[in-house]
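Right, one structure below, let's go through it.
Protein chains: 2
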Amino acid sequence: MQLDERKLKILQAVIRNYLETGEPVGSRTISKYTDLNLSSATIRNEMADLEELGYILQPHTSAGRIPSDKGYRLYVDELMQKEREVDEMKVMLLEKEEKMDQLLKQVAKVLAVNTNYATMISAPSYQGNKLKFIQLSRVDVNQILAVVVVEGNIIKNNILNLEAPLDDETILKLNILLNTHLSGLTLEEINLGMIAKLKQQAGIHSKIVGDVMDAVAEAIREEEDLQIYTSGANNIFKYPELSNGEKASEIISTFEEKQLLTSLVQDTLEKSQEKGIQIYIGAETPVQSMKDCSVVTAAYELEEGMKGTIGIIGPKRMDYEKVVGTLQNLMKQLDSIYKKT
Amino acid sequence: MQLDERKLKILQAVIRNYLETGEPVGSRTISKYTDLNLSSATIRNEMADLEELGYILQPHTSAGRIPSDKGYRLYVDELMQKEREVDEMKVMLLEKEEKMDQLLKQVAKVLAVNTNYATMISAPSYQGNKLKFIQLSRVDVNQILAVVVVEGNIIKNNILNLEAPLDDETILKLNILLNTHLSGLTLEEINLGMIAKLKQQAGIHSKIVGDVMDAVAEAIREEEDLQIYTSGANNIFKYPELSNGEKASEIISTFEEKQLLTSLVQDTLEKSQEKGIQIYIGAETPVQSMKDCSVVTAAYELEEGMKGTIGIIGPKRMDYEKVVGTLQNLMKQLDSIYKKT
DNA sequence: ATTAGCACTCTATCAAAGCGAGTGCTAACA
DNA sequence: TGTTAGCACTCGCTTTGATAGAGTGCTAAT
Chain X
82 MQLDERKLKI LQAVIRNYLE TGEPVGSRTI SKYTDLNLSS ATIRNEMADL EELGYILQPH
142 TSAGRIPSDK GYRLYVDELM QKEREVDEMK VMLLEKEEKM DQLLKQVAKV LAVNTNYATM
202 ISAPSYQGNK LKFIQLSRVD VNQILAVVVV EGNIIKNNIL NLEAPLDDET ILKLNILLNT
262 HLSGLTLEEI NLGMIAKLKQ QAGIHSKIVG DVMDAVAEAI REEEDLQIYT SGANNIFKYP
322 ELSNGEKASE IISTFEEKQL LTSLVQDTLE KSQEKGIQIY IGAETPVQSM KDCSVVTAAY
382 ELEEGMKGTI GIIGPKRMDY EKVVGTLQNL MKQLDSIYKK T
Chain W
82 MQLDERKLKI LQAVIRNYLE TGEPVGSRTI SKYTDLNLSS ATIRNEMADL EELGYILQPH
142 TSAGRIPSDK GYRLYVDELM QKEREVDEMK VMLLEKEEKM DQLLKQVAKV LAVNTNYATM
202 ISAPSYQGNK LKFIQLSRVD VNQILAVVVV EGNIIKNNIL NLEAPLDDET ILKLNILLNT
262 HLSGLTLEEI NLGMIAKLKQ QAGIHSKIVG DVMDAVAEAI REEEDLQIYT SGANNIFKYP
322 ELSNGEKASE IISTFEEKQL LTSLVQDTLE KSQEKGIQIY IGAETPVQSM KDCSVVTAAY
382 ELEEGMKGTI GIIGPKRMDY EKVVGTLQNL MKQLDSIYKK T
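Protein sequences, first through last, are from chains X and W. Per the working numbering, residue 82 is the first one in the first sequence, and the count goes up by one each step. Per the working numbering, residue 82 is the first one in the second sequence, and the count goes up by one each step.
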């Protein structure tokens, strides 16, 4: 059996209607709602076919139909209106110099308020970026501060405890040594051989060099378990199908233990090569606890190849068109903020 | 009418029973539960009195009684067993050098898992601490990095954009200028007059000084909206009286917008002078959205006078004794971690 | 002062009944 | 052959009424 034009139209009508109301859709509703001018009986026959094909299903006999995951999938792939007016969403323009996390939190929040869904945003990860600057300074008689700056102005600090005091001149020398050898290198290029060479040159101060390198390594490591911000988790209470205790609890947990969203971020980044915006319907999601939701994600890229992801989490009957539109809109704005520098 | 011994015992029995079951408690239950050897009829009379006095209330006629906020208050103030065995709770010992936020998250989580309530912990705030060190370094042709270190090794970075390049010597001079005048001062002592004087001394570079002072100011400001970590928000779903959509949503929101908990932190810090552990029952809480919960908080103090707070949020019928015990236990452990350095 | 006893109240639970929405099928129709 | 009117049927939701049970307040006896 094939999906002819008419079946598609009916499926579309069912889904549209269900997205709006959240209630199973009956044949009579379709018969009036569409411009097909077909009686409910005809619709019924077609709907029986659609059910057999797996695009819609009945919660129980003598109820209307609701879309299945397969139905939603067809809808977002083929049937969805690609362009639609989207409410203009103003991201408050933040100075680029402002702390990145402020901006991200802000974006997540604006998005949550605008869409009425839960949102997440992962901070751009800086893999492959170059070391820009290292500075050691004494802050106390037996402590020095190591500041590591990576391209993109990511700054990491570490306090190092000294065994024996260092005089100012030595610190200066170490600074020069470190900067001349390391700046401009990517974090990957700083390998053991290079470290050994540096230590050798540092002579009796090789321990300090080792400690600094550990600080650099930690800067990398910390960046690896990436930061994720969320907002609007309470929006899920707006959708009865998600707000029963069991499911709500699961979703809230995931939002609290943000690291559980990592797989979502990874998957989005991988797939973002092929397609800008990614839609996960129900069980398609890489995060188990969201199998009753749909998740729409996009990868964004700031200058200098820093990539992060934005995600919107809602019920399966989310307004995909609006969400996709809003997300595209947001991308543009992020772009413009970071281009106009 | 006064609360004699017997009334107190009955009130205690009602509350104990209600804490366990969460169901209204009837006179017959009390009659058997206690060692008073009184008939249910007598209990009924006494309970009628207790209700008139406002310590207990009936959800509806012909239901048992439940404690009122006033009843709980009396209970925690007077009736509660002060000492009780508490499950030993191991806080994973983290190296002191480890990042503070790791430790805090860990503590919040352990506490949530152990108590089955929602928890929050605020990072210690460093008000009144002294400026230790300021360092300007050039990271780019027109950017300098300002690092501000406050006592307690709190470090803040800011990138400043220059209008005109600065030579190394000038940067060095500025460093000396700033450090000689500012280090050792508390953040409050750095007032406008002092800034003006510095600017004057900096001559043509007064703009830089101004920018650095802004950076310092921002370091303060950022520290002010203090960091709060939460865990176990989903635990509230374990208590039916809190997991209805409306209330749950409100609580979850508060946990997401952690800044809403600030007033709780403030209040705890203020009151911590008089009493170690603070209990807010229902409407007593400074955070409006938790009026249906009880909140138990404590202020902790790490070395160097850094104070933060820990809070446990649960239903009014929370196990106060256990929670208080657990909290005291935790305090001891935190102490020992930070004492043994 | 305490308590046994009783009438009363209120809720929760269950079954029966009716309603309404929706279906599938059949037969008639164009 | 595709469409549609009609009809019997199913199922869930809501209402209703009856019942049981828990608990109370009051009174009268101890």
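Backbone N, C-alpha and C define an ideal beta-carbon position, used for all residues, glycine too. These numbers come from a predicted model, not from an experiment.
Close-in-space but distant-in-sequence residues of the same chain around glycine 152/W (CB under 6 angstroms, 5 per side omitted): Walking along the second sequence from the start, residue 152/W turns up at place 71. The residues are Tyr136, Ile137.
Given methionine 82/X as reference, the closest of Gly103/X, Leu341/X, Glu132/X once Cα atoms are compared: In the first sequence, residue 82/X corresponds to position 1, counting from 1. Methionine 82/X has its Cα closest to that of Glu132/X, out of Gly103/X, Leu341/X, Glu132/X.
Close Cβ partners of alanine 94/X (< 7 angstroms) along its chain, the five nearest in sequence each way excluded: Position 13 of the first sequence, counted from the start, is the residue given in the question as residue 94/X. Excluding sequence neighbours, alanine 94/X sits near Ile111, Tyr114, Thr115.
Distance, leucine 307/X Cα to methionine 412/X Cα: Within the first sequence, numbered from 1, the residue matching residue 412/X stands at position 331. Within the first sequence, numbered from 1, the residue matching residue 307/X stands at position 226. Their Cα atoms are separated by approximately 20 angstroms.
Residues near valine 377/W in its chain [Cβ-Cβ closer than 6 angstroms; skip 5 each side]: Taking the first residue of the second sequence as 1, we reach residue 377/W at position 296. So the qualifying residues of the chain are Ile360, Ile393, Val404.
Unbroken stretches of the beta strand (DSSP E), 3 residues or longer, contained in the stretch 346-409 of chain W: 358-362, 374-383, 387-396
Proximity test, Cβ basis, 8 angstroms: glycine 291/X and chain W: Start at 1 with the first residue of the first sequence, and residue 291/X comes out as number 210. Answer no: the Cβ-Cβ gap between glycine 291/X and chain W never drops below 8 angstroms.
Nearest-angstrom Cα separation, counted from aspartate 249/X out to methionine 275/X: Taking the first residue of the first sequence as position 1, residue 275/X is located at position 194. Taking the first residue of the first sequence as position 1, residue 249/X is located at position 168. When rounded, the distance between both Cα atoms is 25 angstroms.
Proximity test, Cβ basis, 8 angstroms: serine 312/X and chain W: Within the first sequence, the letter at position 231 stands for residue 312/X. With 8 angstroms as the cut-off, serine 312/X counts as an interface residue toward chain W.
Isoleucine 236/X, DSSP secondary structure in three states: In the first sequence, residue 236/X corresponds to position 155, counting from 1. Isoleucine 236/X falls in the strand class under three-state DSSP.
Cβ-based burial, isoleucine 257/X [other Cβ within 10 Å; buried from 16]: Here residue 257/X is taken as the residue at index 176 of the first sequence, counted from 1. Isoleucine 257/X is exposed by the Cβ-count criterion.
Minimum C-alpha distance to proline 205/W - residue among Tyr401/W, Asn410/W, Ala380/W, Gly406/W: The residue given as residue 205/W occupies position 124 in the second sequence. Looking at the Cα atoms, Ala380/W is the closest of the given residues.
Contacts of glycine 326/X in chain W (Cβ-Cβ under 7 angstroms): Within the first sequence, the letter at position 245 stands for residue 326/X. Those are Phe318, Ser324, listed as they occur along chain W.
Every unbroken alpha helix (DSSP H) inside the stretch 98-140 of chain W [4 residues or more]: 108-114, 121-133
Glutamine 409/W versus valine 188/W - alpha carbon distance: Mapped onto the second sequence, residue 409/W falls at position 328. Mapped onto the second sequence, residue 188/W falls at position 107. Glutamine 409/W and valine 188/W: Cα-Cα distance of roughly 13 angstroms.
Within chain W, partners of valine 228/X - CB distance below 9 angstroms: Here residue 228/X is taken as the residue at index 147 of the first sequence, counted from 1. Ordered by position in chain W, the residues that pass the 9 angstroms Cβ test against valine 228/X are Gln216, Ser218, Leu226, Val228, Ile236, Asn238.
Closer than 7 angstroms at the beta carbon, the chain W residues around glutamate 250/X: As a position in the first sequence, residue 250/X is number 169, starting the count at 1. Result: empty, since nearest Cβ-Cβ is about 14 angstroms, beyond 7 angstroms.
Cβ neighbour criterion (16 or more within 10 Å) applied to methionine 315/X: Indexing the first sequence from 1 puts residue 315/X at position 234. Inspection of the sequence shows that residue 315/X is occupied by asparagine rather than by methionine. Buried, since its Cβ has 16 or more Cβ neighbours within 10 Å.
Neighbourhood of isoleucine 362/X by C-beta distance below 8 angstroms, restricted to the same chain and skipping five residues each side: On the first sequence, residue 362/X is found 281 positions in, with the first residue counted as 1. So the list reads Asp150, Tyr153, Arg154, Val157, Ser375, Lys397, once near-sequence residues are dropped.
Buried or exposed by the 16-neighbour rule on C-beta atoms within 10 Å, applied to leucine 212/W: Taking the first residue of the second sequence as position 1, residue 212/W is located at position 131. Buried, since its Cβ has 16 or more Cβ neighbours within 10 Å.
Residue interval of the alpha helix (DSSP H) (run including valine 222/W): Counting from 1 along the second sequence, the entry for residue 222/W is found at position 141. Premise fails: valine 222/W is in no alpha helix (DSSP H) and is neither H nor E.
C-alpha distance - leucine 241/W paired with leucine 255/X, whole-angstrom precision: For the purposes of this step, residue 241/W is identified with residue 160 of the second sequence, where counting begins at 1. For the purposes of this step, residue 255/X is identified with residue 174 of the first sequence, where counting begins at 1. So the two alpha carbons sit approximately 25 angstroms from each other.
Close-in-space but distant-in-sequence residues of the same chain around leucine 100/W (CB under 7 angstroms, 5 per side omitted): As a working mapping, residue 100/W is identified with position 19 in the second sequence. Excluding positions up to five away in sequence, the list reads Arg398, Asp400.
First through last residue of the alpha helix (DSSP H) which encompasses tyrosine 310/W: For the purposes of this step, residue 310/W is taken as residue 229 along the second sequence, with counting starting at 1. That residue, tyrosine 310/W, is in no alpha helix (DSSP H); its beta strand (DSSP E) goes 309-312.
Beta-carbon proximity check, leucine 263/W vs isoleucine 215/W, cutoff 8 angstroms: Your numbering for residue 263/W matches position 182 in the second sequence. Your numbering for residue 215/W matches position 134 in the second sequence. Contact: yes.
Counted within 10 angstroms of its Cβ, other Cβ atoms place lysine 54/W as buried (16 or more) or exposed: Nothing about residue 54/W can be reported from this structure: the residues present for chain W run from 82 to 422 only.
Near the ligand FAD: alanine 199/X beta-carbon under 7 angstroms from a heavy atom: This structure does not include the ligand FAD; it has no bound ligands of any sort.
Close beta carbons around lysine 177/W, own chain, < 6 angstroms, minus the five adjacent residues each side: The residue you call residue 177/W lines up with position 96 of the second sequence. Because the pLDDT at lysine 177/W is just 48, under 50, the model does not fix this residue reliably, and the point stays unresolved.
Per-residue DSSP class, three states only, for arginine 154/W: Locating residue 154/W in the second sequence gives position 73, where the first residue counts as 1. Arginine 154/W falls in the helix class under three-state DSSP.
Best match in Pro367/X, Leu341/X, Glu338/X, Gln340/X for proximity to lysine 352/X [C-alpha to C-alpha]: Locating residue 352/X in the first sequence gives position 271, where the first residue counts as 1. Considering only alpha carbons, the answer is Pro367/X.
Serine 330/X: first and last residue of the uninterrupted alpha helix (DSSP H) it sits in: Sequence index remark: in the first sequence, residue 330/X carries index 249 (1-based). Start and end: 326-337.
Chain-order list of residues whose beta-carbon lies under 8 angstroms from that of alanine 283/W (same chain, five-residue window excluded): Sequence index remark: in the second sequence, residue 283/W carries index 202 (1-based). Cβ within range, chain order: Leu255, Leu258, Ile289, Val290.
Cross-strand partners of threonine 200/W (DSSP beta bridge): In the second sequence, residue 200/W corresponds to position 119, counting from 1. DSSP lists Ser312/W, Ile393/W as partners of threonine 200/W.
Element boundaries [alpha helix (DSSP H), containing threonine 267/W]: The residue given as residue 267/W occupies position 186 in the second sequence. Careful: threonine 267/W lies outside any alpha helix (DSSP H) and carries neither H nor E.
Interface residues of chain X facing serine 330/W [CB-CB closer than 7 angstroms]: Here residue 330/W is taken as the residue at index 249 of the second sequence, counted from 1. Those are Asn315, Phe318, listed as they occur along chain X.
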